[in-house]
Each structure stands twice: as C-alpha cells, then as structure tokens.
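Here's the structure, in structure tokens; my notes come after.
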Amino acid sequence: MAPQSWLQVAQDSPFSLSNIPFGCGIVPSSEEASVLVAIGDYGLDLAKFASSGGFSPVENINHSHEVFGQPTLNALAKLGKSFTSNVRKYIQKVLAVDTPFPHVLKDKIDLQRECLIPLSEVQMCLPFNIGSFSDFYGGMNHAYNAGALFRGQNGALLPNYLHLPMAYHSRTSTIYVSGTPIRRPYGQIVEDMTSKDKVPIFSPCKTLDFELELGAFVCGSNEPFSNIPISEADKHIFGFVLLNDWSARDIQRWEYVPLGPFNGKNFATTISAWVVLADALEPFRKAGMKHPGRLLPYLQENREDFTYDLSPSLHQQSSKDKAGAMPTSKFTTPEKYRYNVGFGSYQQSESIQGALPIAQNTPQRPPLGLYTEKISGSAFQAPRGENQQTWLYRIIPSAVHEPFESAAADNDAEPPQNINCYDKLLHIPTQVRWDPFDIDESADWVSSMKLLCGAGDVVSKTGIGFFIFTAGVSMDPRTAFSSTDGELLIILQSGVLDIRTEVGSMLVRPLEICVIPRGIKYNVSLPEGPVRGYAAELHQGYFTLPNLGVLGSFGCANSRDFQIPVASFENVQGQKHRIINKFNGQLYQAEQDHSPFDVVAWHGTYFPYKYDLGRFMTVGSISYDHPDPSIFTLLASSEGVAELAIFPPRWLVMENTFRPPWYHRNTMAELMGLIHGEYDARTDGGFRPGGASLHNVMCGHGPDSNTHARASVAELVPQRVGEGSMAFVLEADVMLGLSDWAWSKSQKRQINYNQQTWLGLESHFDPAGAKTISPLLDEGKPIVNGDTNGHKKD
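In this text, residue positions in the sequence shown follow UniProt numbering: the first is 1, and each later residue adds one.
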C-alpha cells in the first residue's frame with residue numbers, strides 16, 4: 001500500500017508521498033525563485049521551511065540549508081545524490097501520517113500557511129541552469145518511424161544504430177519550462193521532395209509535431225578527457241523530467257543530410273517543471289529488452305533491470321479547445337445513450353414505433369397490448385406550468401407485486417437514511433467540515449447512502465435531507481429502488497453511474513448532476529468501479545430553474561442543456577425481481593415476477609434528467625464588488641426550501657475589490673462539497689474533493705486566513721479562478737441537524753476546522769488620525785423640545 005500523508009492527497013495525484021519531485025518556482029510572497037517539492041496540490045517551499053527550522057532534526061541537511069534559497073537546483077545537485085536522497089526521505093517522514101516529527105510541520109498550522117503554497121499560485125521556472133543538452137535517438141520504434149520518414153522503410157535503421165548511442169547536441173538557450181507558448185519556426189522547405197529540381201522556399205513550418213520523451217539531468221563532474229563507466233552512470237543521474245522535442249519536420253527533411261538536424265529540431269524543447277528523483281523510480285525498474293545486436297563491452301549493462309517501466313501520457317488540446325473553454329466538460333468516459341433535451345417541458349418517447357397512442361391518453365385498447373399507467377408528481381389541479389404528470393405505457397402495471405415488508409436488517413435499529421428521529425439529530429451552531437468519505441467496497445447504491453444532515457417532516461412533505469453515497473458494487477440487476485420520500489438530486493464526485501429508470505437510462509459522470517423524481521423506480525450499476533458523491537432529497541416540492549430577472553431570457557443554466565432519457569424497456573417475466581422502497585425514512589421490499597423496467601413508451605412532464613455542469617453560463621461583476629452568490633444558482637426548489645449553486649472556472653475582473661467571497665452569516669444553511677480541484681476561497685488544504693463542510697443558519701464563515709492575506713494584496717488584473725475545479729453549495733432554508741454518523745461514526749469530521757481556517761485571522765484595525773464619532777446625541781447634551789441637537793425650539 002502506498003504511504004499516506006497527513007496532508008490530504010488525491011488518489012490520482014501525480015505528486016503522492018511516494019514521489020516528492022523537486023522544482024523551482026516563484027511563490028506569491030517572493031519575487032525570486034526558490035526550491036520546492038510537490039505534494040498533492042501544494043508546493044512545500046523548502047527555503048521558508050528551512051529558515052523556520054524545518055531541517056533542524058537532520059544536522060547534515062540543516063548545515064547546508066542555504067541551497068534551498070537558490071533559483072535553480074544546481075547548488076542542491078552539486079551536494080551529491082546521497083544528500084538529495086536524504087532530503088527527499090526526510091520530507092517523506094515529515095509529511096507521513098504517522099510522522100516521527102509532528103512538531104516540525106504537522107502541528108504548526110501557521111507554518112503550514114507559510115510553507116505549503118497551492119500549486120495554482122506558484123509560477124514554475126526551469127529547474128536547472130543547463131550547461132549542455134544532448135538529444136539521444138534511443139527508442140528503436142521511434143528510430144524506425146523517424147528513419148522511415150526520410151529514408152523509407154527499407155533503409156529506416158542505419159547500420160550504426162545497433163552499435164553505438166546516436167545523439168545530436170542542441171541549444172540550451174531554447175529549452176523552456178512546460179506551459180511556455182511555442183511559435184512555429186521559419187526555414188527552408190521543399191514542398192515536393194519527389195520532384196527532380198528540389199527548389200526550397202522560405203516559409204513557416206507546415207508540419208510541426210511534438211514527441212513525448214524522457215529527459216535526464218546528469219550532474220556531477222569528471223576529469224577532462226575521462227569517461228564515466230556505464231556501471232557508475234546511475235550515480236550521476238539527479239532525476240528525470242518529461243521532455244517534448246518539438247520538430248519542424250519539413251524544415252528538418254531538407255537540412256537533414258549531410259550534417260543532421262539543425263533549425264528543424266533546435267528551435268524549442270519543452271521540459272516539465274518538476275524533476276522526479278531517480279530514487280522515486282526505483283520501484284519501476286524492469287529488465288530491458290534483449291538487444292538485437294552485439295554491443296561493445298564498454299556499453300554493456302552490469303544489471304538486468306536497467307530500464308524503467310513507465311507509461312507517460314499527454315492531453316492534446318487543439319486551437320479550438322483552449323484552456324478553460326466552455327461550454328461542455330471533457331469526459332474520460334464516452335456517452336452511451338441518446339437523450340431528449342429541455343427543462344420543465346412536455347416530452348414524449350417510444351422505443352417501439354406506434355407504442356404511443358395518438359391524441360388520447362387512455363384508449364380502450366392501448367397499442368401493442370400495453371397497459372396505461374399514470375404517475376403524478378403534483379396535484380391534478382396544479383397550474384399548468386407546475387403540473388407534473390406522465391403517462392406510461394407498460395407491459396405490466398406497477399400494482400402487480402407481493403405485499404411490502406420491512407427491509408431493515410435485524411441489527412439496524414436506526415436506518416441511516418431516516419431523518420425523522422429529530423431528537424437524535426444534533427443541532428449545533430459551530431462550523432463543521434469533513435475529510436473525504438471512505439468508499440464502502442461491499443455496499444451498493446441503496447446500502448451506501450448515509451444521512452449527513454437534514455430537517456423537516458417526510459410525512460407532511462416538508463424539509464430536505466442531505467446524504468453521502470460511497471458505493472463499491474453495482475445493484476443486483478433484478479432490483480429496483482424508489483423513494484416515496486422525495487425528489488433526489490445526485491451530485492457525483494468520482495466514478496460513473498449507469499442509471500436505468502422506468503422511462504430510460506442515463507450515464508452520469510463526474511461534472512454531471514442528475515435528478516430522479518419521487519416514486520420513479522431505478523437501478524444503479526457502477527461500470528467503472530466504486531463511486532462517491534452527494535445527494536439531496538427534497539421532501540417539499542421539486543427542483544426547478546431559478547427566475548432570471550434582469551438577466552433576461554437566458555443565462556446560468558439554460559433549458560436546452562438538460563438531457564432526458566428516452567424510452568427503453570425489457571420484457572422479462574417469470575423471474576423474481578425485488579422492489580425496494582424508501583417510505584418515511586424506512587426501507588421496505590416486495591417481490592414481483594416481472595421486470596419493473598417494462599415501459600415501452602411515455603409522454604408527459606414528470607421524468608428524470610441530467611445536466612453537464614460545464615455548460616453553466618457564469619455571470620458576474622465587470623466593474624466592482626463581488627455580487628451575491630445567488631448568481632451561481634443552477635437549480636432552486638419550487639417551494640423555496642433549497643438551492644444548488646456551483647462555482648465553475650470563471651474570470652474575475654472587479655476593480656478595487658476583495659475578490660473572494662466576503663465573510664458572511666446567512667439565514668440559509670450552507671452545505672458545500674467539492675467535485676475536484678481546489679475551491680478558490682479555501683486554500684488551506686482542508687477542503688478536499690469528496691469531503692464537505694456545513695455552515696448552519698447564521699454561522700459565520702468566509703475565506704480562510706491564507707486566502708484573505710493573499711487577496712488583500714493581490715494585483716487586480718483580470719484573473720482566471722477555479723481552473724480545474726468545481727465546487728458547489730446546497731443552501732437550505734431550515735436549521736439542519738447532524739446525524740450521529742456525520743458527527744462521530746464516519747470518523748471524518750475535522751476537529752481543528754475553525755483553528756485551521758479562521759483563527760489565524762489577525763486584526764488590522766488602525767484608527768490613528770481618524771475622528772471618533774460618539775453614539776450619544778451631541779456628546780450627551782439633553783434633548784430640548786424634541787430637538788436632537790439640543791437647541792430650544794421657538
């Protein structure tokens with residue numbers, strides 16, 4: 001099992017405790033670069049860490065701590081591989097969950113604020129001052145493909161390739177850190193290399209490409225005219241970076257013979273900012289492929305595992321897909337279903353042509369021998385714009401099942417989904433935050449759902465309940481679940497949900513939400529393994545789009561972007577199916593001998609839907625002040641009980657303004673969650689994807705002390721915030737009570753939330769030179785005849 005850190009690190013983070021890469025960057029409090037190591041979403045500023053006594057337990061490192069204040073890694077590398085290895089091992093111990101040095105950093109909240117800098121706020125630089133750069137022609141497949149480009153397949157590999165290392169020297173002045181914009185070069189090209197008269201023209205490159213390669217920093221020194229034996233090569237390798245050797249192939253093709261690449265290859269080379277030490281790659285050593293030729297003795301390796309088994313990857317972004325581009329999210333899991341579109345509008349769908357009756361709803365004999373069934377989500381006489389009814393045309397009516405019985409386990413005295421035990425819910429006026437909740441590998445969708453907090457009365461259809469789900473296995477395909485208690489809003493944080501409902505299927509991925517109305521039966525499978533996320537069950541009313549007011553006819557969440565399942569059915573009879581129903585917080589079950597997913601066609605206004613959060617159109621101030629966060633509202637309840645607002649990537653341009661959200665006390669309770677990334681008003685590292693925070697009614701909250709300090713002095717240039725992040729808040733117009741699972745049994749509540757977040761805020765009040773205004777009338781003079789200035793009236 002990989003080592004764990006007391007600082008929360010996402011499971012898929014490239015900067016885990018096993019890695020600890022080194023780099024150089026400029027932190028917000030400095031104008032010069034210094035040495036950092038990466039851990040999760042943070043860079044540990046080793047210069048500040050060292051100056052605060054962070055290396056005092058290790059004398060030999062502490063004695064040379066000045067190297068961490070240098071703008072490159074050259075001075076650090078000069079101390080030798082053993083020294084750097086010891087630094088990495090010590091940092092790993094300091095950051096380990098069971099650190100033997102808790103007094104160094106773990107227990108020092110103020111020092112954490114100074115030394116642990118969000119990577120989004122660090123300007124990364126070239127890690128080394130590079131003296132020489134050689135580009136080796138190492139991979140056989142690459143050598144063959146590149147050779148075939150110039151010499152054809154038969155002459156792709158030159159005879160000397162299998163006998164000696166092939167390389168060319170390139171310019172160190174054109175090595176750039178990753179993220180630097182690269183412009184294609186000009187050079188001589190021959191547009192038709194097959195022509196007899198090859199006449200070049202001077203032109204910008206037309207065949208620019210990139211390569212994903214591994215770069216190694218070779219450090220140390222050797223005597224002039226002496227070689228380093230291959231058996232000692234490892235001692236001189238400081239670490240590795242990803243390297244992109246940009247290539248202008250059409251320019252290279254013309255200049256390649258006789259002296260090799262020049263302008264076509266050395267105009268730009270990009271390397272990653274973080275250097276992974278060779279020590280970190282030791283677990284990935286592997287026996288190399290057998291060499292097809294005979295190497296001379298001086299090139300023969302003296303160990304079997306002389307290669308690394310690595311799988312680098314890249315994300316290619318076209319000119320039409322620039323960073324931060326909207327309006328759709330980029331999903332790693334492709335969509336598999338068709339959908340209708342719209343919100344709150346009339347819809348119809350059929351999976352067999354002719355299954356929907358024409359004009360009427362209840363024909364004497366419905367098409368295809370189906371039964372007509374209606375599901376009502378509102379009163380029959382509700383106003384047309386609020387009326388929610390859908391006609392289903394199914395193989396067997398829903399009434400055909402055995403009697404319901406309790407589905408609670410014998411030892412489940414208090415089902416975790418029950419919010420009707422108000423004497424057992426904890427109402428407390430302090431801020432609460434939770435670490436990411438653990439996946440229950442054995443639980444399915446229904447059994448993994450745990451009540452976090454709630455208020456109201458399910459029986460009288462008032463209030464709302466908030467849940468956490470952490471399922472590890474799919475539901476039995478012969479099981480369907482429905483909730484009579486309310487409409488369920490699902491916010492997925494990780495994994496993928498394949499949801500089959502009575503009216504069709506939805507694939508829900510992170511950055512998508514979905515809503516399943518009260519009473520709709522569904523089954524949840526997990527095609528990519530465990531899932532985690534948040535859910536809100538609205539007992540009162542239903543979710544709708546907020547009014548736009550002065551925004552006009554569109555903006556925020558647009559109706560056209562909501563997706564609705566299309567009809568899909570299965571005709572399975574004579575097999576047992578289990579129906580689970582949540583009724584007044586309790587689980588009940590019944591058996592039936594046919595599939596509940598037998599709706600062949602439907603039409604109406606009551607159905608599930610999903611929405612891609614990347615399509616949300618943010619609005620904001622383009623002059624001054626931070627508007628109310630209601631501008632981020634995506635969904636609101638019809639009865640005003642709850643709202644969902646999201647905080648996607650966006651631009652901030654307000655002038656003379658404290659740009660993060662202001663400090664606040666609210667008549668609404670605020671439950672926040674984080675889907676991925678880092679919320680721009682919480683940079684202390686405690687608010688993490690899969691975790692949550694609750695600021696109950698009138699509980700003070702706002703930016704943490706780190707965020708306040710930086711935002712108060714930040715240069716007010718146009719600023720992109722929330723890049724790679726998606727946070728949300730569920731606001732409820734009730735006083736939320738915490739379940740016992742939320743307060744203690746989950747063991748995820750952060751005991752030091754207040755201390756870590758706000759107790760570091762200091763007073764900056766300075767009234768010197770300002771006139772004090774007394775609250776007394778004219779400094780205590782009596783009121784005469786009602787004149788508040790103390791003057792007698794005529």
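The beta carbon of each residue, even a glycine, is placed where N, CA and C say it ideally should be.
Bear in mind the structure is a predicted one, so any value in this text is a computation, not a measurement.
Would F554 and V341 be called neighbours here (beta carbons separated by less than 8 Å)?
If you check the CB distance, F554 and V341 do not come in under 8 Å.
DSSP on T479, reduced to helix/strand/coil?
Look at T479 here: in three-state DSSP terms it is strand.
Sheet register partners of C556 (DSSP bridge)
Partner(s): M617.
Leaving out the 5 sequence neighbours to the left and right, which residues in its chain are closer than 7 Å to D279 when beta-carbon positions are compared?
The answer, listed in chain order, is S85 and R88.
Buried or exposed: which applies to Y606, given that a residue is buried once 16 or more other Cβ atoms fall within 10 Å of its Cβ?
So Y606 ends up on the buried side.
Looking only at its chain, what residues have a beta carbon closer than 6 Å to the beta carbon of Q112, apart from the 5 residues adjacent to it on each side?
Answer for Q112: no residue qualifies.
By how many angstroms is the C-alpha of S744 removed from the C-alpha of residue 797?
One cannot answer for residue 797 here, as it falls past the ends of the chain, which runs 1 to 794.
At the level of alpha carbons, what is the spacing between L716 and V653?
For L716 and V653, the distance between alpha carbons rounds to 7 Å.
Whole-angstrom distance between E59 and L105, CA atom to CA atom
Approximately 17 Å, taken between the alpha carbons.
Specify the secondary structure class of V550 as computed by DSSP and reduced to three states.
DSSP places V550 in the helix class (H, G or I) of the three-state scheme.
Decide if Y624 is buried, meaning its Cβ has at least 16 other Cβ atoms within 10 Å, or exposed.
By the neighbour-count definition (other C-beta atoms within 10 Å, threshold 16), Y624 is an exposed residue.
State the beta-bridge partners of W651 as determined by DSSP.
Answer is R720.
Local conformation of C24 per DSSP, three classes
The three-state reading of DSSP puts C24 in strand, counting E and B together.
On a Cα-Cα basis, can you pick out the residue from I175, Y144 and T333 that is closest to G529?
Put simply, of I175, Y144 and T333 the residue whose alpha carbon is nearest the alpha carbon of G529 is T333.
To test your reading of the DSSP string, which unbroken beta strand (DSSP E) runs of 3 or more residues are found completely within the stretch 518-544?
If only uninterrupted beta strand (DSSP E) runs of at least 3 residues are considered, those enclosed by the stretch 518-544 are 522-525 and 532-538.
What is the DSSP secondary structure of M140, reduced to helix, strand or coil?
Looking at M140 - three-state DSSP - the assignment turns out to be helix.
Would you kindly work out how many angstroms separate the C-alpha atoms of H291 and K330, rounded to a whole number?
The straight-line gap from Cα to Cα measures roughly 41 Å.
If you draw a straight line from the C-alpha of L548 to the C-alpha of S378, how long is it?
Cα to Cα, the separation comes out at about 24 Å.
For A216, which residues in the same chain have their Cβ closer than 6 Å to its Cβ, ignoring the five residues on either side in sequence?
The residues are I237 and F240.
Classify Q300 as buried or exposed, calling it buried when 16 or more other Cβ atoms lie within 10 Å of its own Cβ.
Q300 should be labelled exposed.
Would you mind sorting A325 into buried or exposed? The rule is 16 or more other CB atoms within 10 Å of its CB.
For A325, the predicted model reports a pLDDT of 47, less than 50, meaning its position is unreliable; a value from the coordinates is still stated below. Classified as exposed, A325 has fewer than 16 neighbouring CB atoms from the shown chains inside 10 Å of its CB.
Comparing alpha-carbon positions, which option in L73, Q8, D110 and F15 lies nearest L759?
The shortest C-alpha to C-alpha distance from L759 to any of L73, Q8, D110 and F15 is the one to D110.
Using the Cα positions of E335 and L507, report the straight-line distance between them to the nearest angstrom.
Using only the alpha carbons, I get a separation of about 7 Å.
Please specify which runs of the beta strand (DSSP E), each continuous and at least 3 residues long, are wholly inside the stretch 669-719, giving them in chain order.
Complete beta strand (DSSP E) runs here, min 3: 669-676 and 692-695.
Please report the distance separating the alpha-carbon of W651 from that of E191.
Cα to Cα, W651 sits roughly 44 Å from E191.
Decide if M193 is buried, meaning its Cβ has at least 16 other Cβ atoms within 10 Å, or exposed.
Sixteen is the threshold: since fewer than 16 other Cβ atoms of the shown chains lie within 10 Å of the Cβ of M193, the residue is exposed.
Given a threshold of 16 other Cβ atoms within 10 Å of its Cβ, counted over all protein chains shown, does E441 qualify as buried or as exposed?
An exposed status is given to E441, since fewer than 16 other beta-carbon atoms sit within 10 Å of its beta-carbon.
Boundaries (first-last residue) of the beta strand (DSSP E) holding residue 795:
No answer is possible for residue 795: it lies beyond the span of the chain, which begins at 1 and ends at 794.
Over the uninterrupted beta strand (DSSP E) stretch that includes R578, give me the two end residues.
Q573 to F583 is the extent of the beta strand (DSSP E) around R578.
Distance between P21 and E223 (C-alpha atoms, nearest Å)
Going by the C-alpha atoms only, they are around 30 Å apart.
Closer than 7 Å: is that where the CB of P527 sits relative to any heavy atom of the ligand COA?
Absence of the ligand COA from the depicted structure is noted, as is the absence of any ligand whatsoever, leaving it without description.
If you draw a straight line from the alpha carbon of A642 to that of F380, how long is it in whole angstroms?
Approximately 24 Å, taken between the alpha carbons.
Straight-line gap, R710 to L277 (C-alpha atoms, nearest Å)
Cα to Cα, R710 sits roughly 32 Å from L277.
Distance CB(L489)-CB(I513) smaller than 8 Å
Yes. Within cutoff.
Rounded separation between V458 and I358 - CA only:
Cα to Cα, V458 sits roughly 38 Å from I358.
Beta-carbon spacing of A601, Y393 below 8 Å
In this structure, Y393 lies closer than 8 Å to A601 by Cβ.
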